[in-house]
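Numbering (this note's numbering), first residue to last: 1 to 282.
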């Protein structure tokens, strides 16, 4: 399924471990591109979390090998339905490790990933019913073997709810009490006082036309470092690779100095040429 026939299609995909059946489920506006990105990251041992630690999927990939993983499309859908459908498939296959599932996801997917309070600064929260700890995702398996589960202690969760109600709910002293004119006047007095003392910039002064002209003239008068330009040109030349054009019978047609030149002459998109050179359509 991971070929040119799914190119630029949006939907839900899965990466399945053939040995134990564990899955990673994700969504993308371009499934083909996203799956290839997963493969490249996993093959180069760069499928990591924001804190630099290897992901659960990367650890499983390293343990079982590439040949024991299968990439498939679960469902094609519109971009507006991605969040809802991703949540559905994660719940169906129970792949969320945060809820005790057997998979490689750490949240319920969809919009819920933005509000996961059991994940803080790249670490996840685990507890054994009495003790709560912050650990890196790659340590989750070890703690699960010792009776820990992913999540916040119930008593701590209740404290967070109570604090939130005090800060934002009806228990807040200023709940449903609009500012009076007296409050507004006092605030403005404080602002004006700070402004007079030079502690507060009420309005940023606009640059005069004369100042703008001086800045532009100064930039223009700065000498260009020719050595830097030569170095950049040399780097660009070294990065550029020749592109060979063949027909459907693999007969030689032409050679171009780079992808952009090939795109300019043939009329094909540069991104399409890059994908073809990487073997995406083979």
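Just so it is clear, CB atoms sit at the ideal spot from N, CA and C, and this is done for glycine as well.
Unbroken beta strand (DSSP E) run spanning residue 186, endpoints: Where residue 186 is concerned, there is no enclosing beta strand (DSSP E), although the alpha helix (DSSP H) it sits in stretches over 181 to 196.
Could you give the first and the last residue of the continuous alpha helix (DSSP H) run that contains residue 141? Counted as a single uninterrupted DSSP element, the alpha helix (DSSP H) harbouring residue 141 occupies residues 140 to 145.
How is residue 53 classed by DSSP in three states: helix, strand or coil? In the structure shown, residue 53 sits in coil (DSSP, three-state: anything other than H, G, I, E or B).
If you measure between the beta carbons of residue 23 and residue 88, is that distance less than 8 Å? Against a cut-off of 8 Å, the Cβ pair of residue 88 and residue 23 comes out as no contact.
Rounded Cβ spacing between residue 15 and residue 86 (contact assumed at less than 8 Å): Going by Cβ atoms, the distance from residue 15 to residue 86 rounds to 14 Å, so no, they are not a contact pair.
Would the region 139 to 155 and the region 69 to 87 be scored as touching if the rule is three or more Cβ pairs under 8 Å? Because the criterion of three Cβ pairs below 8 Å is not met, the region 139 to 155 and the region 69 to 87 do not touch.
Beta-carbon within less than 6 Å of residue 148's beta-carbon, same chain only, minus the 5 sequence neighbours each way: which residues are those? Counting only Cβ-Cβ distances below 6 Å, and skipping sequence neighbours, we find 126 and 128.
Skipping 5 residues on each side, what residues in its chain have a beta carbon closer than 8 Å to that of residue 63? Leaving aside the five residues that flank residue 63 on each side, none in its chain has a CB nearer than 8 Å to its CB.
Nonlocal neighbours in the same chain, by C-beta distance under 7 Å from residue 273, ignoring five residues either side: Within its own chain, the residues whose Cβ lies closer than 7 Å to the Cβ of residue 273, once the five positions on either side in sequence are excluded, are 243, 259, 262 and 263, listed in chain order.
Quick one: Cα of residue 109 to Cα of residue 102, how far? Between residue 109 and residue 102, the C-alpha separation is close to 15 Å.
Restricting to Cα atoms, I'd like to know which of 186, 57 and 27 is closest to residue 39. Nearest in C-alpha terms to residue 39, of all of 186, 57 and 27, is 57.
Where residue 106 sits in the DSSP three-state scheme: Three-state DSSP puts residue 106 in coil, outside helix and strand.
If you count every other CB in all the chains shown that lies within 10 Å of the CB of residue 106, and 16 or more means buried, which is it? So residue 106 counts as buried.
How should residue 124 be labelled, buried or exposed, when 16 other C-beta atoms within 10 angstroms of its C-beta is the threshold for buried? Residue 124 should be labelled buried.
Please state if the CB of residue 98 and the CB of residue 286 are separated by a distance shorter than 8 Å. Nothing can be reported for residue 286: it is not among the residues displayed for the chain, which extend from 1 to 282.
Which residues does DSSP list as the beta-bridge partners of residue 252? 246.
With 16 as the cutoff for other CB atoms within 10 Å, does residue 17 come out buried or exposed? By the 10 Å Cβ count, residue 17 comes out buried.
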